[in-house]
Structure formats: structure tokens, C-alpha cells
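Numbering (the working numbering), first residue to last: -19 to 237. Even for Gly, the Cβ is constructed at its ideal location relative to N, Cα and C. Heads up, the thing below is written out as C-alpha cells.
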Ligand SMILES: [Zn+2]
Ligand SMILES: [Zn+2]
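Pasting the structure below:
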């Protein structure tokens, strides 16, 4: 959870209870700013969550460090304590070139594994093979940034530097810029400016004011500044895959409602 405003947390207790009814048994971790634990415990006191629930409160910096990725909380500028989250996947080892390995006569494991781990090896006939001979360059891990609710924020630009995907507050169109400022939100153009400054690959706008029945105006103003801008929508699933060392393959689908 990025912050404790009602439009972000009022639906959470119901969802947590429903997950149990839908058969969840695995532990679920919910992370958010100070006060989240008190809020959820009070809201769930009379109900029943039938699976282990861990509620964690975040501070700026690394929130979670797991095998393969970490999540970093970045304070942003909103009306209350609020965080953006940066999900950083660790770099992946380069692709092992099987054909080349056969040609060089490298026997299977453990010698091949040593090459993948970056170690040179010596073959039984005395030839030395280095990782560069058979392993491609490392593939950059993915980086995904979720702004939560925020006004334009320098710390976010910095944290989003060269991210693959930035999901950014775009509550208003530029014609309502004063309102955006007064309520601690961004315009679509400001979201696009953040994306351009941070040199991200993709921008998805989200958190639209319900005054806009047609969102195309938001998209148009964002694309004038950052061409690879898109509108997110409820239940949209964005799948990212690393392609080559630093390119991106993207597919979009819709989750069942
Ligand atoms: Zn808010
Ligand atoms: Zn909000």
C-alpha cells in the first residue's frame, strides 16, 4: 500500500477476507506506511482471515530483499505520508551457448556450470575456456516503478531512472493543474515529464479523476511529451520480459473480472 487514503485502503479488508473464502491458504504479506497495521487489525477484528497474514510497515529504503529481486520504498509528495515502490530484479546471467560449448568439446556439468557462474575452466587437454567464450552478456534485471499518489517529485524521477515500466499518478489533465497541485496529485503531462526525465521505457498512467468520462485527452497530452505513454485500466495485466541484454518484450492481457 502506498498510503492510507480511503480510495486505496477501504477496499482492502474486504479483499483480504474474500481471499480466504476463495480458498487462499498461503501466507500473504501486506506492506504499507505506519498506521496500516492498526487500521487493518481494527477493520479485521470482527472478521476472520483464514490464512496467515503478515502486515509490515515500511520506512524509506529497502522494504524486502528476496532471491531474485528487491523492493525499495521512496517517499513521494502527497497530502499524507506516501511511498512509491521500486521493484528491482537482479541481473540475470547471460545465455549459455550450447552449440559453441559442443564445438569446443566442453563436457557437461560441473564445468559448464562454472562457466555460467563466471569462472574460467581448464579442459582435460589443457585448453583454457573463459566465460566470454560461451556465455553471452548478462541480461539486465527488470525495474518497475509504481508512484502511488504524488505530485511531481524529484526523488521519484531519480528512483525511476531507466526503469522498464513506470506507473504514474495522472489524476488530472493540464487544464486542471491547480487542482492537481492543491490535492497532491499530478497531471498526465507531469507524469510524462517524469517518464522523460527518468528515461524509462514505458509509462502507464493511472488514478484518473472520475470527471473524465473520456480519457483520451490525458493520453494525448502525455504522448506529446513522452511517446511511449499508455492508459492503464482495471484488471489490465502487463507482462514484461527481458529481450537480449536490455530490450523489452511487452504483452497486455485482461484478467477475468
Ligand atoms: Zn491519496
Ligand atoms: Zn488515491
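In this structure, DSSP gives residue 55 an extended state, which the three-state scheme calls strand. Taking C-alpha positions only, residue 212 is separated from residue 45 by approximately 27 Å.
Between the C-alpha atoms of residue 220 and residue 141 there is a straight-line separation of about 17 Å. The secondary-structure analysis by DSSP pairs residue 11 across a beta bridge with 36. Around ligand 1, the residues selected by a Cβ distance under 5 Å to any of its heavy atoms are -15 and 129, following chain order.
Placement of the Cβ of residue 148 at a distance of 8 Å or more from every heavy atom of ligand 2 is found. Judged by DSSP in its simplified three-state form, residue 126 adopts strand.
For ligand 2, a non-hydrogen atom lies closer than 8 Å to the CB of residue -13. Shown here for residue 86: same chain residues with a beta carbon closer than 8 Å to its own, the five before and five after excluded, namely 92, 95, 101, 103, 109 and 114 in chain order. No Cβ-Cβ contact shorter than 9 Å links residue 65 with residue 167. Counting only the Cα atoms, residue 56 lies some 5 Å from residue 63. Taking C-alpha positions only, residue -3 is separated from residue 23 by approximately 11 Å. Taking residue 149 as reference, the option from 155, 181, 125 and 215 with the minimal CA-CA separation is 125. In this structure, residue 146 and residue 175 form a Cβ contact; the two beta carbons are roughly 5 Å apart against a cut-off of 8 Å.
Leaving aside the five residues that flank residue 173 on each side, the residues in its chain whose CB is nearer than 8 Å to its CB run, in chain order, 132, 205 and 206.
Going by DSSP, residue 221 is part of the beta strand (DSSP E) stretching over 216 to 223.
Pairwise C-beta distances place the region 148 to 164 out of contact with the region 65 to 84, as fewer than three of them are shorter than 8 Å.
Restricting attention to -7, 39 and 72, the CA atom closest to the CA of residue 33 is found in -7. Between residue 54 and residue -16, the CB-CB gap reaches or exceeds 9 Å. Under the DSSP assignment, residue 81 falls in the alpha helix (DSSP H) whose first and last residues are 78 to 84. Under the DSSP assignment, residue 69 falls in the beta strand (DSSP E) whose first and last residues are 63 to 69. Ranked by Cα distance from residue 230, the first of 161, 201 and 182 is 182. Non-local beta-carbon contacts of residue 160 in its own chain, meaning distances under 8 Å to residues more than five positions away in sequence, involve 131, 151, 152, 166, 167 and 170 in chain order.
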